[in-house]
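Trainee: Quick note on numbering: the sequence shown equals residues 1 to 855 in the numbering used here. Yeah, the Cβ is synthetic: ideal placement off N, Cα and C, and Gly gets one too. Since the model is a prediction, treat every value here as computed from it, not as a measurement. My questions will all concern the structure given below.
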Amino acid sequence: MPLTCRGRVRGQEPSRGDVDDALGKFSLTLIDSLDTLVVLNKTKEFEDAVRKVLRDVNLDNDVVVSVFETNIRVLGGLLGGHSLAIMLKEKGEYMQWYNDELLQMAKQLGYKLLPAFNTTSGLPYPRINLKFGIRKPEARTGTETDTCTACAGTLILEFAALSRFTGATIFEEYARKALDFLWEKRQRSSNLVGVTINIHTGDWVRKDSGVGAGIDSYYEYLLKAYVLLGDDSFLERFNTHYDAIMRYISQPPLLLDVHIHKPMLNARTWMDALLAFFPGLQVLKGDIRPAIETHEMLYQVIKKHNFLPEAFTTDFRVHWAQHPLRPEFAESTYFLYKATGDPYYLEVGKTLIENLNKYARVPCGFAAMKDVRTGSHEDRMDSFFLAEMFKYLYLLFADKEDIIFDIEDYIFTTEAHLLPLWLSTTNQSISKKNTTSEYTELDDSNFDWTCPNTQILFPNDPLYAQSIREPLKNVVDKSCPRGIIRVEESFRSGAKPPLRARDFMATNPEHLEILKKMGVSLIHLKDGRVQLVQHAIQAASSIDAEDGLRFMQEMIELSSQQQKEQQLPPRAVQIVSHPFFGRVVLTAGPAQFGLDLSKHKETRGFVASSKPYNGCSELTNPEAVMGKIALIQRGQCMFAEKARNIQNAGAIGGIVIDDNEGSSSDTAPLFQMAGDGKDTDDIKIPMLFLFSKEGSIILDAIREYEEVEVLLSDKAKDRDPEMENEEQPSSENDSQNQSGEQISSSSQEVDLVDQESSEENSLNSHPELLSLADVDNAASISPSEQTSNPTENHETTNLNGECTDLDNQLQEQSETEEDSNPNVSWGKKVQPIDSILADWNEDIEAFEMMEKDEL
Ligand code: DMJ
């Protein structure tokens, strides 16, 4: 926890939900970063770290952990550490005392994970209790029915390495069985896999498919299993999937999720940051051109926001604003540099490093970005930052002589742990499968059985990569808003719905008539909102039901767009005084009154606590807050009243700190401070809200340094270099550490509150509903609002950066795609009603899952 300078211990911090499943009280960061130390030539430190692991780490804790995360980070970390420990031992200088102790720990952990595979399918349960396994009453797990494809399909490298290192074949057998099952379950017509699967029945639970979250490393492990184990069947499977990915998901330079049954139908209009690993995998596969294209697009998104947001739209707007310092883009940059030797990729790496140092470096490490738009931090530094990001960035710039072993003798796991390639010929007790009978030869020279060689791909052409990047140089900056292109296409390939979502008025009787015909009913909720529900079976005909589905899709898109537009984005409180110098940026909630920081210059000032602290009456210490930013505690009166009281005392701004001890923006959704229902125009100062954990960082800083200056803004400002230079190395660092300790000791007293969101969306709690959209005042959608709706702005961008008419483009595209794709024949082909309904049900389920996912 780089802001509060402590380790994150499971159970000692408020639960963050699923992300905490990686924490098993087994010194995750220490284990995950073992082999990084050797890569960075910190051999002595590696030796010390291994001793610490052997001395301190307990793998038998009563903690429920993710099988996937434990495998890639802990088992992989131990095996990577073992691989380099034996390499060093053989060299004869370091690790001479080492006697396979890390491997023994890895084996112990491997056996602890095996009970998770006790399912009829052979797919592992997603979680296991390290001490009690699965399904015992004490285990508190084993009731899950679903897992993600990557969770079940990212085991083979670690498990096979464990088997081959130890001779215990059971691990490789289990991992192979899980992979065989996933392969069997692929959607046969598209050769794609869904995001989540039922571990008992093998049914796809989420039928959307991409190369990012939930699936990513399944594909990575098929190709790498071929490389590490030399088993052709893995390459055949990879190639089959790759062909499908390039056919349906790849829309250069984008990679967009589709439905496994209707792969020409996009499942969403945004991409997630995890897919940034894919160009690196394409390099390993030898398909350099699309790798260069996607990487370039991602780089431009990064240049726009300093980091890659967790998700971004097809027109490159931020969809999910956080960035937990993920390494995937650095990984792809490294592979592309290796493949092309183009110094451009060194420049890219330099930008990544500069941004990390400028925006993420904090007193005790590097902090995840809570919001790339504001530059605010989260008290979080995931173990993959040291395991992967450091490693790939170091390797990008390292010469061969900088590394004390030959990196080419190893393969990187998905967590960038190193496994030696000689394992392919060791303990091969599991017979290699020959070409599977189901394998269809792919008619593409990309699927040769040879390793790609850049000299063959583009001999003596240093400008090869540049020539591919050039046409894409404006793809992000000059992009224009766009809608769900392929979904729109499919609308256009059939009749348009008789009523467009944007035109709908809940008070118009004609509209209500059309809705009824389409099987859509209107429910007036008690809180004044209107809910739309579609039952295809109640539609007048199959064509009307199809129209209804399109109408609902449009409405869902429109509704989520409007919700986004109504939200004020979060703001930033940046501590600018010594010794923070702008390094610590706290996520703050905005106010619906007072100075709007997005329109005005930021407010800078020293902070002072108001008296009374709740700010609910005239301040008794106006001299203390005059010309300063007043700190006020939440509660006991309206936010606007607090604002007026501090403004009257002469404060230039206010920060309301949550009175709910232990609350944090890590675990609770930010909100906007509302006015008091009266006119709030008299409030001229900016007001921001901080949860208790973020607020206590400021309060602790006051205790330590007395004078604390902050900046209230819509986006953190670059640090003041002059101030940074004043920082004295030794004594100041000491005080910095002290501050960390002090912050730490006070924060440990924080009450534990489990703030996992209990908000449930009726989408998920009404299984009988075929499709549903919550629409706030749908009847009041006015023509002026319509024009601001991106789905209606029928423009897209061409590669020269000019906006062109989307209607025409879509028309053309849909015409060509219709010919080649039998799935896009809505409204044209005569299909039996049962099959149409079955298809719709699949689509609708998928849309519901998407909505759930987005929520
Ligand atoms: C890493 O833990 C692994 O790379 C995993 O496969 C997915 N991504 C995270 C880091 O983003």
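May I ask whether a heavy atom of the ligand DMJ can be found less than 7 Å away from the beta carbon of L274?
Mentor: Checking the Cβ of L274 against the ligand DMJ gives yes.
Trainee: By DSSP's criteria, R206 is part of a beta bridge. Which residues make up the other side?
Mentor: Note: R206 sits in a beta bridge opposite T196.
Trainee: Candidates I245, L79 and T587: which alpha carbon is nearest F858's?
Mentor: Given a span of 1 to 855 for the chain in the structure shown, any question on residue 858 remains unanswerable.
Trainee: Beta-carbon within less than 8 Å of D676's beta-carbon, same chain only, minus the 5 sequence neighbours each way: which residues are those?
Mentor: Only M638, F639, A640 and E641 meet the Cβ criterion.
Trainee: What are the start and end residues of the alpha helix (DSSP H) that includes E510?
Mentor: P509 to K517 is the span of the alpha helix (DSSP H), which, as asked, contains E510.
Trainee: Any chance the CB of I72 is under 7 Å from a heavy atom of the ligand DMJ?
Mentor: I72 Cβ: within cutoff of the ligand DMJ.
Trainee: Let me confirm a value: W97 is counted as buried when at least 16 other C-beta atoms fall within 10 Å, else exposed. Which label applies?
Mentor: When all chains shown are included, W97 counts as exposed.
Trainee: Would you call Q251 buried or exposed, if buried means 16 or more other Cβ atoms sit within 10 Å of its Cβ?
Mentor: Flag for Q251 reads exposed.
Trainee: How do the stretch 178-192 and the stretch 114-124 stand: do at least 3 beta-carbon pairs fall below 8 Å, yes or no?
Mentor: Taking 8 Å as the limit for Cβ pairs, the verdict is that the stretch 114-124 does touch the stretch 178-192.
Trainee: Measuring CA to CA, which of Q322, L336, Y248 and W320 is closest to G286?
Mentor: G286 has its Cα closest to that of L336, out of Q322, L336, Y248 and W320.
Trainee: Along the chain, which unbroken stretches of the beta strand (DSSP E) at least 3 residues long are found entirely within the stretch 571-652?
Mentor: Counting only runs of 3 or more, we get 571-575, 584-588, 603-609 and 629-633.
Trainee: From V19, V38, F316 and K262, pick the residue whose C-alpha is nearest to that of K478; which is it?
Mentor: Nearest of V19, V38, F316 and K262 to K478, Cα basis: F316.
Trainee: For I523, which residues from the same chain have a beta carbon less than 8 Å from its beta carbon, with the 5 sequence-adjacent residues on both sides left out?
Mentor: Excluding positions up to five away in sequence, the list reads V530, Q531, L532 and V533.
Trainee: Suppose contacts are defined by Cβ-Cβ distances below 8 Å. Is Y174 in contact with F238 by that definition?
Mentor: Cβ distance not < 8 Å, so Y174 and F238 don't count as in contact.
Trainee: According to DSSP, is Q534 helix, strand or coil?
Mentor: The answer is strand: DSSP assigns Q534 an E or B state.
Trainee: Decide if W270 is buried, meaning its Cβ has at least 16 other Cβ atoms within 10 Å, or exposed.
Mentor: W270 comes out buried.
Trainee: Please report the residue range of the beta strand (DSSP E) in which A398 lies.
Mentor: No beta strand (DSSP E) contains A398, which DSSP labels as neither H nor E.
Trainee: To test your reading of the DSSP string, which unbroken alpha helix (DSSP H) runs of 4 or more residues are found completely within the stretch 239-321?
Mentor: Correct list: 278-285 and 288-305.
Trainee: Report yes if the C-beta distance between L228 and S424 is below 8 Å; otherwise report no.
Mentor: Yes, they are a contact pair.
Trainee: Going by DSSP in three states, S190 sits in which element: helix, strand or coil?
Mentor: S190 falls in the coil class under three-state DSSP.
Trainee: How is the beta strand (DSSP E) around M87 delimited, first residue to last?
Mentor: Note, M87: premise wrong, no beta strand (DSSP E); alpha helix (DSSP H) at G76 to K91.
Trainee: Whose C-alpha, out of T333, N645, I468 and K628, is nearest the C-alpha of G615?
Mentor: Considering only alpha carbons, the answer is N645.
Trainee: Should the stretch 286-303 be regarded as contacting the stretch 212-219, the criterion being three or more beta carbon pairs within less than 8 Å?
Mentor: Flag = no, the stretch 286-303 and the stretch 212-219 do not touch.
Trainee: Decide if N306 is buried, meaning its Cβ has at least 16 other Cβ atoms within 10 Å, or exposed.
Mentor: Flag for N306 reads buried.
Trainee: Q466: buried (16+ other C-beta within 10 angstroms of its C-beta) or exposed?
Mentor: Burial call: exposed.
Trainee: Assign G341 to one of two classes, buried (16 or more other C-beta atoms within 10 Å of its C-beta) or exposed (fewer than that).
Mentor: Exposed, by the Cβ-count rule.
Trainee: Which residues does DSSP pair with V710 in a beta bridge?
Mentor: DSSP, once it has assigned bridges, lists I575 and G605 as partnering V710.
Trainee: For L463, is the classification buried or exposed, using 16 other Cβ atoms within 10 angstroms of its Cβ as the cut-off for buried?
Mentor: By the neighbour-count rule (16 or more Cβ atoms within 10 Å), L463 is not buried but exposed.
Trainee: Check whether the Cβ of E101 sits closer than 7 Å to any heavy atom of the ligand DMJ, and report yes or no.
Mentor: Result no, Cβ not under 7 Å from the ligand DMJ.
Trainee: Please determine if the stretch 57-74 and the stretch 395-404 are in contact, where contact requires at least 3 C-beta pairs separated by less than 8 Å.
Mentor: At 8 Å Cβ cutoff, the stretches do not touch.
Trainee: Below 8 Å on the Cβ atoms is my contact criterion, and I expect E709 with F606 to pass it. Report the Cβ-Cβ distance as a whole number of Å.
Mentor: Their Cβ separation, rounded to whole angstroms, is 5 Å, which keeps E709 and F606 in contact under 8 Å.
Trainee: What number of angstroms, rounded off, separates the C-alpha of K112 from the C-alpha of I170?
Mentor: The alpha-carbon atoms of K112 and I170 are separated by roughly 13 Å.
Trainee: Determine the closest residue to W320 out of K370, A360 and Y344, with distance taken between C-alpha atoms.
Mentor: Minimum Cα distance to W320 is reached at K370.
Trainee: Using C-beta distances below 8 Å, list every residue in its chain close to E69, excluding the 5 sequence neighbours before and after it, in chain order.
Mentor: Cβ within range, chain order: D21 and A22.
Trainee: Starting from I523, follow its DSSP beta bridges and name the residues at the other end.
Mentor: DSSP, once it has assigned bridges, lists Q531 as partnering I523.
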